[in-house]
Amino acid sequence: MAAPANTAKEAALLRPITGVRPGLILGSLVTGALAGLLFFSWGYQIKNDIGVAGINRPVFWGFYITNFVFWIGISHAGTLISAILRVTSAEWRRPVTRCAEAITVFALTIGGLFPLIHLGRPWLFWFMIPFPNSRGLWPNFRSPLVWDMMAIGTYLTGSVLYLLLPLLPDMAILRDRAMAETPASLKARLFSFMALGWRGTTQQWHSLEAGIKVMAVIIIPVAVSVHTIVSWDFSMTLAPMWHSTIFGPYFVVGAIYSGIGVLMVAMYLLRRGLGLQEYLNDKVFNNLGLLFVAFTVIWTYFTAAEHITVWYGHEPSEMAVFWERVSGDYALVFWGMILVNTVIPLAVLSFRWGRKPFATAVVGFGVLIGMWIERFLIVVGTLRLPRMEFTVGTYSPSWVELGILVGSFGMFAMLYFLFVQFAPIVSLWEVREGDHIAGSAAASPEPVTEEAVR
Amino acid sequence: MTRWGMVIDTDRCTGCGACVVACAAENNIQTVGEEEAHNGRAMHWLRIERHYEGTFPDVKVRFTPVLCQHCAAAPCEPVCPVYATYRTPEGLNAMVYSRCIGTRYCANNCPYTVRVFNWHDGEWPEPLERQLNPDVSVRPAGVMEKCTFCVQRIQDAQDLAKDDDREIGDGDVQTACAQSCPARAIVFGDLGNPASEVVRLARSERSSQLLEDLGTHPSVFYLRGGE
Amino acid sequence: MLEACRGQDQQFIVQLPRRPGVLQGESVWRPSVCRQCAAGCGIQVRVVDGNAKKIEGNPDHPVNRGGVCALGHSVLQELYNPDRILDPQRRVGERGEGRFEALSWEDALAQAVEAIAATPPDRIAFVGADRSGFTGALLQRFADAVGAPGTTFLEAPELEVERRAAQLALGLDDAPYFDVARSDYVVSIGAPLLDRWRSPVHYTRAVADMRRGRRGRRGKLVQAEARMSLTAANADEWLAVRPGTEGVLARAMAGVLVSEGRVDASGQAGYGRLFPEAPPSLEEAAEACDVPAEKIQRIARELAAAENRCVVAGGSAAAHSNGLFNVVAGLGLNLLLGNLGRSGGVFAPVGSDLEAGIVPTGATPVGAAQLAARLRAESGPPVELLFVADADPLHSLPGSWGIEQALAGVGTIVVLSSFRDDTTLHADLVLPLNTELERFNAVTPAASVGLPVLGLGRPVVDALGSGNHPADVLLALATALGDPVAGRFPWSSLENLVRERIEEDLDGLPGGAGADVSDYYSEALARGGIFGGGAPAQAPPGPTGTAPGAVAVRFEGGADEYPFLLLPFASLKIGDGRGANRPWLQELPDPMSTVMWDSWAELSPPDAERLGVRDGDRLRITSAAGAVEAQAVLDPTVRPGLIGMPRGQGHSEYGRYAQGRGTNPLDLVGRGFVDDTSAPAWAGTRVSVERLGPGDLARMGRSYSDEGAGETIPVGWAPHDTGAEEDG
Ligand SMILES: Nc1nc2c(c(=O)[nH]1)N[C@H]1C(S)=C(S)[C@@H](COP(=O)(O)OP(=O)(O)OC[C@H]3O[C@@H](n4cnc5c(=O)[nH]c(N)nc54)[C@H](O)[C@@H]3O)O[C@H]1N2
Ligand SMILES: Nc1nc2c(c(=O)[nH]1)N[C@H]1C(S)=C(S)[C@@H](COP(=O)(O)OP(=O)(O)OC[C@H]3O[C@@H](n4cnc5c(=O)[nH]c(N)nc54)[C@H](O)[C@@H]3O)O[C@H]1N2
Ligand code: SF4
Ligand code: SF4
Ligand code: SF4
Ligand code: SF4
Ligand code: SF4
Ligand SMILES: [Mo]
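Residue numbers (the working numbering), protein chains in the order written: chain A, 1 to 454; chain B, 1001 to 1227; chain C, 2001 to 2728.
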């Protein structure tokens, strides 16, 4: 079970936690300021009404819902990818899972803010929560927004558990170190709280493994359902090019695709920034790159299927949206999306040289932009062109919406900066286990001890 | 059973817009100003669509007043997470303003684009607010609204009928738009009463409905123009 | 999806729409009369706890029969307008600077009296709004009493031409009534029946009833007009004639009727006196008008074949240099067809006759052009005291007339107004008017509907300020002036005058014979007026002269320098500009352009392409008389070479909702007149167009550039599958 430590290798991981890294502090402050922009803009909006955003009639949803779908999509990086890898026992997953799972929790937290941000009266959001009350008032369980709220709530709970469970042994390692050095410090107390009394007994290891396995199996359908339900916000309606049966799987695939994209970028930055070359090595990038290109193909297939069926059916109100994308006002954006989501990934990732860290990160960054565009085109592209052609509209975001968009990236980065300084971004015990399996296949499990880490 | 409905004769309608202002006056609809109107935020519950056909000199123009169609199978209703929009037993698609949290989902799913949103609070500089209709609440920012079929006028007529101890008769209820229309293009009444004027007109061979193929079963019928 | 999800939603619903009666206090409907335009519709005002809430049409009033137009609704926003002038004011700063101080009515009247007394009578000029009705009559009497030259009325500028034409062709003193509702075929020579022309609500109802008011019998409207007005847009056929050739078209139709013998024998003789020379050939006319000969011929035949038919004329056709010819040619067709006094035809205007005798014999109104010449000290006695009652000459007369500069030379300007409009800004003394809802009204519709009508209304709400009815201000002034002027105004108030007149004429009034006068009067007040019943009956006498010869239209400005012809038009919603200070109207999309809160310039797509102009671009439009800026609206109905611009905006003052908004196309109109009249030829100015850059017009709905030409209605126009029952 637990494996011996590779002290030299782990030093790079522990340094940000044990020591003070000015770069990380500075990074937290800068991104924290950007996160502040989100809350400033939102506060401004609450004070001065939702009208300070650029949305209008007929474009009743704009950047906020785009960001919502985008961030919920990003959240599929982690839990889903790591769960799939765990369930399929892919050995190379070991250095990847933690940073992926963290992405999930942070992206979900941010994504979950957007439905609140977009409300006309956000202080009344709790009208959507079902609870027995004297007025006999319940939310409308037929509304996809109520499904959304429940699905996201479940997913957030699940993925927080899924992040915390594998964190226990590592927290114990950190606790033990901190206790040995400065037993009364805040850090020591925090780590011992987070370790939840982990002692590394055989019984605990068995429970942990079972727990992780069960969570991995449960979280996959939850994640799939979340983005399916997010897609149903659109496909349950009658709006042109929203009312589509393909949206469920299309959104799930897009979510995973953008999730891998952000994972690529994050891993590259972690590797460079924290010097984790030994963990996040070329092999990991190569393997993830293969998964990435597989999703390029699947996403492209879905996108093509979506548009070809619409074109063949040639329903006038759908065709208006279709042409707007293919050759109309949004053509540049649409073909830009195809470039960064299909052409570049295929051209780069299909080759071994393209699945190196820097190249995959660049492709991943492109896919992030492309997937944001996809959601923007779905949300705004359709709403601009309602069935009643006379009410055609336009949309351009206000500074508030831009501030909140930029702020959401800031908040994400800030959470990541903080997390790196609090927990090992690569699971210590899982890598040890992996090294152990690779090193001596016959070795018997050995509890992790303070000595072993030193 | 009462089911309120409307017939609009496009061969009578000239697109004059009197109904639009009548509706604003009756229903306390805020004016948003030039900048907001430019941003697509004018709040008319009723709009006159103008469509060109052909090119000069053989060009024709058609006007279609479009208001909430009070669909019997209203796509706006099931998507509202808090039941702020629902169907009344008399066939109105109603709004409960105090319940609305402003998701604007209903507006996206209304195929007729008739819902309007209060992006800001309305402004009635002194003494303009003295005109406000006390029967209709003024909606705050963050709340969705749309044509109510002048529900307050329906209730007024029902009250009067009740006071007189009689059934409500055909023609007792006139919506503000119908009342105002110089061309008498709009007729309002009970689609559930086979003897009513709206039923007679809705059965005309000139009758049709907007986006009929969507299966929303609107309560508004249009009589086609031309000879 | 929706059917599948339909469930028991009712069980969740606890709050229903709020019941009426929960909040309100006393709620009553009170009759009154709309004075927002000269049509004089009857209205009912809902008053709750002393506040006016809503305007609805008076179903008994023969003019509007229950309907109200958008402008009519907005009287509430005139009443409760935040920018109203509530009490008398006098200028304290420089003239035109806009600094005023309040003063009492006594002081204000004294100041006005002093000004009148101090000015040689022939150096006074009186300006009013409508010639018809008690106010117009009293104003003329007042001018006469103080010895001033004739009063100038700022009515629709083409009305003078329409009146002259009615005199020539039909022998009428005023423009006729057209019995459109009972007609089967209406040809309109330029008259914008459905726009803000003579009686918008009345004629809108008439056109609707003509088409769908009679079972199995649908009348047809054919509009011959250069620009697609709202009327042309609603016509069954639009003949997009070249501007200024409306009369040629009418003459060519006459030619068809005569040559094919489809004429009324007695009418033909009269027509021969009106037009001694032979009509133009069909081919010549087709060439001149740019309308196919077959089409002219077909429409002439259809018109003659219809049982009831009518030819209406006026509007922009009257506003060209050859406007009088155009309108006479149009009205003359009614002679040929024998439409005079015939069901669905042309009738003599009928007034209430109660004003008779108030206007002193010999007092003739003076045209706006003569007033302008006096103001500019070019001809006639110069103006030392300008007295403006409920009118805005600065905004409603062409900029080229130099009114603004001329005002600087006028010694004293007294204005009766509810708002600081463009003219009031230059006033030395402002006597505030109230709105029709705060006062007693007695209104004879300026456009007769062929029946005797006098709209009456008592105040429906308490007054917001100390303002008054213009007629009552005049009576107060007369009293303050003392004899001999006071002696000619022996009435304590307008109501006193009207009541007295009713008493005198009771037997001649509808339903008045043998009635008790106080019962009659209170019933009339409760009904909203005194209304004649039945159908119009009085036939016009027939032609009284010879039409002016067919001369080609002249435009101002060279075609090389100014390649476009400007066609200004009255905006349906804000009229001549009076409605510009009402937020409801500003935000009401124009029916054709869908523009809100602004004015615009309509341009044909081919012209726009040539100029590189895109929909919504800012343009500079220049004529020999001036230049204005406006934003482009590409409109597939516009004849290449024309530019349409709405009137009514472009106020330099007039409150927060109107000030500085849009442009006034009259600033471009030159000093040309309609031949043989003193009416401005406002449809005869050439302009050039230059693109300035992108703009930001507020519009509702699709604009032309968003769509391909020939867009159709997004409607499932499939016939409904229920039984096909004929409707009425
Ligand atoms: N002038 C005048 N005033 C009156 C009355 C009158 O006749 N005339 N009637 C009086 C009477 S009898 C009453 S009962 C009161 C009613 O007065 P209120 O009770 O104030 O009535 P509402 O504004 O309908 O609803 C109250 C609030 O409930 C919120 N709400 C909606 N759904 C939910 C939900 O699911 N949960 C929660 N917690 N809140 C929800 C709404 O947003 C709103 O803010 O008005 C009184 N005031
Ligand atoms: N559609 C709709 N239905 C509702 C509600 C809603 O908001 N909308 N609100 C619900 C609520 S919270 C309530 S409390 C009920 C209220 O329901 P009701 O009690 O029916 O309420 P009201 O219509 O305010 O008042 C009833 C009548 O009392 C009369 N009245 C006023 N003063 C007096 C008086 O001194 N003596 C007598 N005898 N009569 C008087 C009024 O003129 C009115 O006709 O309605 C409920 N139903
Ligand atoms: S027209 Fe739109 S808002 Fe009205 S009931 Fe139908 S779907 Fe709902
Ligand atoms: S905007 Fe209001 S009415 Fe519409 S769906 Fe959202 S909560 Fe319901
Ligand atoms: S029925 Fe009433 S609420 Fe609906 S458009 Fe007409 S006036 Fe407005
Ligand atoms: S008031 Fe009547 S004629 Fe005018 S736009 Fe409305 S429906 Fe048409
Ligand atoms: S037509 Fe003139 S008088 Fe009649 S309602 Fe309209 S503004 Fe008033
Ligand atoms: Mo209540």
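The beta carbon of each residue, even a glycine, is placed where N, CA and C say it ideally should be.
These numbers come from a predicted model, not from an experiment.
When DSSP states are grouped into helix, strand and coil, C:Val2449 belongs to the coil group. At least one heavy atom of ligand 6 lies less than 7 angstroms from the C-beta of B:Ser1180. Within the stretch 390–411 of chain A, contact with chain B at the beta-carbon level (separation under 8 angstroms) is assigned to Phe390, Thr391, Gly393, Thr394.
Within the stretch 2205–2266 of chain C, complete alpha helix (DSSP H) segments of at least 4 residues are found at 2230–2234, 2246–2259, given in chain order. Unbroken alpha helix (DSSP H) runs of no fewer than 4 residues, entirely contained in the stretch 1153–1180 of chain B, are found at 1176–1180, following chain order.
Secondary structure at B:Asp1009: strand, using DSSP grouped into helix, strand and coil.
When DSSP reads this structure, C:Pro2646 sits in a beta bridge with C:Phe2569. In this structure B:Pro1081 is not in contact with A:Thr237, their Cβ atoms being roughly 14 angstroms apart against a cut-off of 8 angstroms. The C-beta of C:Asp2635 has 16 or more other C-beta atoms within 10 Å across all chains shown, which makes the residue buried. In chain order, Thr1085, Tyr1086, Arg1087, Asn1093, Cys1106 place their CB closer than 8 angstroms to the CB of B:Glu1077, counting only its own chain and leaving out the 5 sequence neighbours on each side.
Using a Cβ distance threshold of 8 angstroms, C:Ser2396 and C:Gly2577 count as a contacting pair. Contact annotation: C:Ala2145 and C:Val2485 have beta-carbon atoms nearer than 8 angstroms. Taking 9 angstroms as the Cβ-Cβ cut-off, the stretch 1197–1223 of chain B approaches chain A at Leu1210, Leu1211, Leu1214, Thr1216, given in chain order. If you look at A:Lys9, you'll find it in the alpha helix (DSSP H) that goes 7–18. Following the DSSP letters along the chain, one finds C:Trp2600 in no alpha helix (DSSP H) but inside the beta strand (DSSP E) bounded by residues 2600–2603. Cβ-Cβ distances below 7 angstroms link A:Thr394 to Arg384 in the same chain, with the five nearest sequence neighbours on each side left out; the list follows chain order.
If you look at B:Tyr1222, you'll find it in the beta strand (DSSP E) that goes 1220–1223.
Neighbours of B:His1120 across chain A, judged by C-beta separation under 9 angstroms: Asn48, Asp49, Ile50, Gly51, Val52.
Counting along the chain, A:Phe419 sits inside no beta strand (DSSP E); it lies in the alpha helix (DSSP H) bounded by residues 399–420. Closest option to C:Leu2086, judged by alpha-carbon separation, among C:Phe2347, C:Ala2191, C:Pro2432: C:Pro2432.
Under the 10 Å beta carbon count, C:Ser2518 is surrounded by fewer than 16 other beta carbons and is classified as exposed.
Summarising the contact set, residues whose Cβ lies nearer than 5 angstroms to any heavy atom of ligand 7 are, in chain order, C:Cys2034, C:Gln2036, C:Cys2037, C:Ala2039, C:Cys2041, C:Val2068, C:Cys2069, C:Leu2071, C:Gly2072, C:Pro2200, C:Val2201. Shortest Cα-Cα distance from C:Ile2299 to any of C:Asn2434, C:Lys2220, C:Thr2423 involves C:Lys2220.
The DSSP-derived three-state label of C:Ser2417 is strand. Looking from the CA of B:Arg1012, the closest CA among B:Thr1175, B:Pro1134, B:Ile1186 belongs to B:Ile1186. Counted as a single uninterrupted DSSP element, the alpha helix (DSSP H) harbouring A:Met150 occupies residues 144–164.
In the three-state DSSP reduction, B:Pro1081 falls in the coil class, being neither helix nor strand. Around A:Asn67, the same chain offers Phe114, Leu405, Ser408 as residues with beta carbons nearer than 7 angstroms, after the five sequence neighbours per side are excluded. Remark: C-beta atoms of A:Trp429 and A:Asp170 approach each other more closely than 8 angstroms.
In this structure, the straight-line span from the alpha carbon of C:Gly2042 to that of A:Glu306 is close to 59 angstroms. For A:Leu124, the neighbours in chain B by C-beta distance under 9 angstroms run, in chain order, Val1082, Arg1099, Cys1100, Ile1101, Gly1102, Gly1142. For A:Trp42, not one C-beta of chain B is nearer than 8 angstroms to its own C-beta. Look at A:Ala102 here: in three-state DSSP terms it is helix. At a beta-carbon threshold of 7 angstroms, the residues of chain C lying near B:Asp1009 are Arg2212, ordered along the chain. The beta carbons of B:Arg1153 and B:Thr1175 sit closer together than 8 angstroms.
Between C:Cys2310 and C:Ser2229, the C-beta gap is not smaller than 8 angstroms, which leaves the two residues out of contact.
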